[in-house]
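Have a look at the structure below, then the notes.
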Amino acid sequence: MVPPPSVTAPLLIADDPALDRYLLDIHGKNFASHVESGGVDLATWLASGEDADERSFQDAQRLGLPLLRLPDVAVDSATAALLPPQQARRLRVVPMRLHNGLLAVAMEDPTNAEALAAVEFATTRHVLPLVATGRGIREAIARCYDQVEDRETVRKLGLDPLATVADNEAEARRLAREQPVVRLVHDLIADAVVRRASDIHLRPGEHATDVLYRIDDELVPVRSLMRALHPAAVSRIKVLGGMNLAEHRTPQDGRTSFTLDDGTRVDLRISILPTVFGESAVVRLLDSRQSLWDLDQLGLTEADRVRVEDVMARSHGMFLTTGPTGCGKSTTLYAMLLELRKQRINILTIEDPVEFHIADIQQMQVNRAAGFTFASAMRNFLRHDPDVIMVGEIRDRETAGIAVESALTGHLLLSTLHTNTAATTVTRLLDLGVEPYLLRASLLAVMSQRLVRLTCPHCREVEDVSAHMRETLGIHAAEVFYRGRGCVQCEGLGVYGRQAVYELLMMTPRLRELVVPGAEADTIHRVAMEEGMTPITQAAVILARSGAIALAEAWRVRAD
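Listed below in structure tokens is the structure:
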């Protein structure tokens, strides 16, 4: 990498002549004209465009690199072609100009040594980094790579560039089988798996389709898809999910398994919804290697691990996991099932849907059209000699009643409930009509949980914490916390991976005395803390103090 000049204020390159002059001066080692120009201050930079951000300015100032205003500066198509599209998207870089062996490259994160080395290796040129915003990089990649590839694909398929829907079912089926379309969808799925995405979103718009991955619970823009290719891509996804290609007006759901080039098998859950600009598709990726955790991976404290194992050793009773959608409730129950199946017992589950198939466990899926619901399944379960029953969710009075009955008649019952804290689970079950004396006799424990995003270790920096946040969470002014700046390793998110934070309420004699008509959740919560429960908010703050998560993340998942 060519060493950059050191300037107090970053140089702003906002047109083609400015970039050409910079390259000439760099080649001639003449930096004086740029230093004398004074660069650009933060206020001017932020006012220069809606995508201008403080982070890119700070990077340029700290590293002594120019700020590049994309799209005001044109990208040379021949220079961009030096780097393969997939690599440009992964590294979030765009080669701009080639001058006397120097390759000027727009980068979102010029501190990433791996990205710099990869570009130099792929292009066999010395790289001169320029700082650009994340949005500017995405738009440049869309212009230089996405649109070029898409136009070629449209030409090969013989499509009308203005088409927004397949003419008929036969045309949709033809498109779904064409090699360019098959490869496009295959590459999206493979890339999503490599980048640890849980979902792929195809969002049709007026002019193009945005492709996004959900990574660590955040949607990350990946590429822009030409409007004419949207029907073909959706048709391919429908074929994978066994859906009706001729139906464009109503929602459809499907499921299939997908095998990648390296033999990795991924289960796909597919949802199609009709929108104003075409059908929106979401593909959920279920990779058992990533999503099936054992008890050791749940992040339980040593004491709580003993308590959970004590619950699993019981012959009867009810254990519930609670929290909002996507907080890892099912992950916790699956971890318990993986441990329980080591025993010589009969385990039955009823789920909606079955997300992961586990050997030695009999799993069933809700089928409302056939009248096979949580409640009806559980009524039949009791005649099927179960030892452990797992119910995907307690949603209504009937399911709650049968769950309590099962827990009282010699079965260990595991299930989930949508409540925000462990204490409110008790009042919610009472609201559903469960008699207090039955709940006192059946409920063993409740784990309320959230998923927090772990700070990326590659771009960790000191976190700026507001006084209000410190005061509310009881944090001393001198305590230091860390957050991620965002880098190539973490897709620019500043977080990498997730972990559960939880509160585990064990039903003690004191707590059982509080399970009465009109029970108050606040009183139950206070007594549970006196009995040794660590609240979710406190557990998250402890994790932030260890440096594993940002304090802002603890603030986000607080339950008080």
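Counting in this note's numbering, the sequence shown runs from 481 upward without gaps. Virtual Cβ for every residue (Gly too), placed ideally from N, Cα, C.
Coil, strand or helix - residue i by DSSP
i	result
Met-816	helix
Val-482	Note that Val-482 has pLDDT 45, beneath the 50 cutoff, so the model's placement of it is unreliable and the number below is only indicative. Note: Val-482 maps to coil in three-state DSSP.
Arg-535	helix
Glu-727	coil
Gly-758	strand
Thr-829	strand
Glu-951	helix
Glu-629	helix
Thr-559	helix
Pro-684	strand
Leu-582	strand
Ser-715	helix
Arg-1006	helix
Arg-1038	coil
Ile-1029	coil
Thr-739	strand
Ile-841	coil
Asp-500	helix
His-710	helix
Pro-916	helix
Ile-624	In the sequence under discussion, the amino acid at residue 624 is Cys, which differs from the Ile named in the question. Helix.
Pro-660	helix
Glu-1011	coil
Asp-776	helix
Gly-475	Given that the chain is displayed from residue 481 to residue 1040, the structure contains no residue 475 and the question cannot be resolved.
Val-884	helix
Leu-543	helix
According to DSSP, residues forming a beta bridge with residue i
i	result
Glu-873	DSSP, once it has assigned bridges, lists no residue as partnering Glu-873.
Ala-677	Ile-695
Ile-750	Gly-734, Val-763
Gly-616	Note: Gly-616 sits in no beta bridge, so no partner.
Arg-703	Val-691
Phe-836	Partner(s): none; Phe-836 has no beta bridge.
Met-587	Val-573, Val-611
Asn-847	Phe-852
Glu-864	Correcting the residue type first, residue 864 is His in the shown sequence and not Glu. Answer is none; His-864 lacks a bridge partner.
Leu-550	Note: Leu-550 sits in no beta bridge, so no partner.
His-606	Leu-582
Gly-797	Leu-892
Ile-493	Leu-548
Thr-802	Leu-897, Ser-928
Arg-745	Thr-739
Bounding residues of the beta strand (DSSP E) (the contiguous stretch that carries residue i)
i	result
Arg-978	975-986
Arg-930	923-935
Gln-969	Per DSSP, Gln-969 belongs to no beta strand (DSSP E) and is neither H nor E.
Phe-961	Here Phe-961 belongs to no beta strand (DSSP E), and DSSP marks it neither H nor E.
Val-942	940-942
Residue interval of the alpha helix (DSSP H) (run including residue i)
i	result
Phe-861	854-861
Arg-785	782-792
Thr-1017	1016-1025
Arg-821	Arg-821 -> no alpha helix (DSSP H), and no H or E assigned at all.
Leu-910	902-911
Arg-657	649-657
Thr-899	No alpha helix (DSSP H) contains Thr-899, which DSSP labels as neither H nor E.
Trp-525	522-526
Glu-993	989-993
Expected contact under 8 Å - CB spacing of residue i and residue j to nearest Å
i	j	result
Arg-920	Val-995	5 Å
Ser-737	Arg-745	6 Å
Thr-811	Val-926	The pair is not a contact, with the Cβ atoms about 16 Å apart (cut-off 8 Å).
Thr-879	Phe-861	Incorrect: roughly 12 Å between the Cβ atoms, too far for contact.
Thr-591	Leu-548	The Cβ separation is near 16 Å, so there is no contact.
Val-673	Asp-741	Not confirmed; about 11 Å, so no contact.
Val-611	Met-587	7 Å
Lys-809	Thr-896	4 Å
Beta-carbon proximity of residue i to residue j, cut-off 8 Å
i	j	result
Asp-865	Leu-892	no
Thr-559	Met-576	yes
Glu-943	Ala-1032	yes
Asp-589	Val-968	yes
Ala-688	Leu-668	no
Thr-613	Asp-531	yes
Ala-1063	Ala-902	Outside the displayed span of the chain (481 to 1040) sits residue 1063, for which this structure offers no information.
Val-585	Val-573	yes
His-681	Leu-664	no
Pro-546	Tyr-502	yes
Ser-928	Ala-887	no
Leu-772	Phe-836	yes
Gln-567	Ala-598	yes
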